[in-house]
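So for the sequence shown, our numbering puts the first residue at 5; every next one is plus one. Even glycine gets a Cβ: it sits at the ideal position worked out from N, Cα and C. What follows is a single structure, written as structure tokens, with notes after it.
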Amino acid sequence: MTNQYRYLAGAVALAIAVGSVAQEPADTCPVRYYGSLTINAGSGDFAPYYIMSNRYGTLTQAGDALLQAGAARDLDLSKRFSWGFGAEGWTGVSASTDYARYDAATERWHEHSEHPSNVWLQQLYAQVKWRGVFLMGGMKEYGSALLDNRLSSGDLTHSANARPVPQVRAGFVDFQDIPFTNGWLQIEGCIAYGWMTDSNWWEDHCNDYNWHYTRDECYTYKRAYFRTKPSERLSVTFGAQCAGVFGGTTYYYSQGQLIKKESHPHGIKDYWEMFIPKLHSGEGFVKGNHLGSWDLKARYRFKDDSELEAYFEWPWEDGSGMAKRNGWDGLWGLRYTFVKQGWLKSVVVEYLDFTNQSGPIHWEPGDSPGTDLNDKATGRDDYYNNNFYNSYANYGMGLGTPFIPAPIYNQDGYLGYLYNSIRGFHVGACGSINSLVDWRLLGGYRKSWGSTRIPLTHTVDCTSMMAEATWRVPSVKGLVVTGQVAFDAGSMLNDHFGALLSVSYSGVFR
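Here's what the structure looks like:
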């Protein structure tokens, strides 16, 4: 899709929202405003894992001084019609990280420094709702619809780890009763199409030696969840997520030479075939790069109103993964929430395994014309990597789980996921010391065998931990001070230690 069409799509969505404002009667729905100053410092080339992850890609470097400012009006779910908007910007300075690059003219390697932009737009969107459905246009932060975004390691398909993608999104504002089920079955879901804006990031961080990168990719996401009656003691949520990228132009490198440049179509037909994939429509199998997860969560409410949740997300990258031929691969978790919100409010424990990947071999006879080997082996799923498109990330940070280290960590300039054959656990807990001070603790361990494409000769691992305290200043309503200390230890990410201090303020206009 050309830039003109992208701007037109955004303008249409915005016009719908603005036009609807004139019809909205006066109400008391407030406009929130907020801002923060965040300073972090530490050793190593990046912020520690638990400081860096699941904060929408806003902080990545070992040292930053960042100023945030924003305003938003939320949808009023109590009304049939409502409208909202949001805008948020960041500015500041960040430490640089050295990345390797190959110069074909001199046949030498050299290093170049990269750091985030000093000014960027994090959110800008307009949205409307009518009864139980909504339409949103722009960049808006969306986390997981199933997991606890503050305590979980992160959603496998759509986490809170990367910057938001500009998009047009429509769906249900929340779970809606399915007719004729008397409230015993509800549905929730959405569909989105967007356009990646991080082309320069991939080009700037590429080593110009191996692998590939794609400019001007298009993005899509869709989700459908079903939930049994939530007022019952036992309620079950189940469904699936699917994300994908398509379009753009891919540049392939081998041994320091640009060997091929390939353009991918992105017309109306291609948007449709990303919604309903068609065999042999492109890239040898189906058009675009598709991935997703099968999700389930069971919640039980005890007599004292405390709750226990058990959940899993099973990842898939192709048909074998969708048929669950990838063994125990996935995220398996428990979450317990106490009814008395005191010292300990909630605990999350998760086990993550991505070592099966439908087996180590992938063989498709159609990829090798004239072969006598006609059998198929649909393994080597190589999670989050793809032969034709960028790895599943935005500005280097994974759009899925941050548990698998994203391409931003690869200082050799290789733009794929290096450690997606990985296994480990994660724990999270939070509570309150008193009415003014909250705490949060995250920790975990990971061990990787490399990737199915590039296995390691020896394993690498990482132990990470983060402790956080938040103080609500009693003399100034809306003023909050947050401190974090964290570390990484091991050969996967190298040793990092860091600390963060953030001062934020929020209020409302009516």
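For I280, the closest C-alpha among the options E368, I195 and V431 is that of I195. Residue environment: P478 is assigned as exposed (fewer than 16 neighbouring CB atoms within 10 Å of its CB, all protein chains considered).
Shown here, D208 sits in a helix according to DSSP, grouped into three states.
For the options A104, K291, A99 and G74, the alpha carbon positioned closest to that of Y393 is the one of K291.
For M469, the enclosing beta strand (DSSP E) stretches over residues P459 to R476. If the five residues before and after P269 are omitted, its C-beta is found closer than 6 angstroms to no C-beta atom of its own chain. Shown here for A69: same chain residues with a beta carbon closer than 7 angstroms to its own, the five before and five after excluded, namely I43, G96 and V97 in chain order. According to the DSSP secondary-structure assignment, D492 is paired through a beta bridge with S468 and H500. In its chain, beyond the 5 residues on either side, F176, F179 and Y229 have a beta carbon closer than 6 angstroms to the beta carbon of E192. The residue from L81, Y146 and L125 with its alpha-carbon nearest to that of V137 is L81. As a beta-bridge residue in DSSP terms, N398 pairs with M401. Put simply, the backbone Cα of E111 is about 13 angstroms away from that of S258. Taking a cut-off of 8 angstroms for Cβ pairs, the segment 373-385 and the segment 200-207 do not touch, as fewer than three such pairs fall below it. DSSP, read as helix, strand or coil, puts P234 in coil.
DSSP places K451 inside the beta strand (DSSP E), whose first and last residues are V441 to G454. According to the DSSP assignment, Y38 belongs to the beta strand (DSSP E) that extends over V35 to G46.
Here the segment 315-331 makes no contact with the segment 119-135; the two share fewer than three CB pairs at distances below 8 angstroms.
By the criterion of a C-beta distance shorter than 6 angstroms, R59 is surrounded by no residue of its chain, once the five residues flanking it on both sides are discounted. Taking a 10 Å sphere around the C-beta of W347, we find fewer than 16 other C-beta atoms and assign the residue as exposed. Bridge pairing for V480: absent [DSSP].
In the three-state scheme derived from DSSP, where H, G and I count as helix and E and B as strand, D299 is classed as strand.
In summary, E368 is exposed, with fewer than 16 beta-carbon neighbours lying within 10 Å of its beta-carbon over all protein chains present. The three-state reading of DSSP puts G243 in strand, counting E and B together.
Annotated three-state conformation of M140 is strand, per DSSP. As the crow flies, the alpha-carbon of F429 is around 8 angstroms from that of V353.
By the criterion of a C-beta distance shorter than 6 angstroms, G487 is surrounded in its chain by A473 and L505, once the five residues flanking it on both sides are discounted. Contact between R450 and M496 holds, with the beta-carbon distance rounding to 6 angstroms and staying under 8 angstroms.
Note that the C-beta distance between Y106 and G74 is not below 7 angstroms. For M401 against A166, the beta-carbon gap comes to about 4 angstroms, under 8 angstroms, which counts as contact. The alpha-carbon of Y355 is positioned some 15 angstroms away from that of C466.
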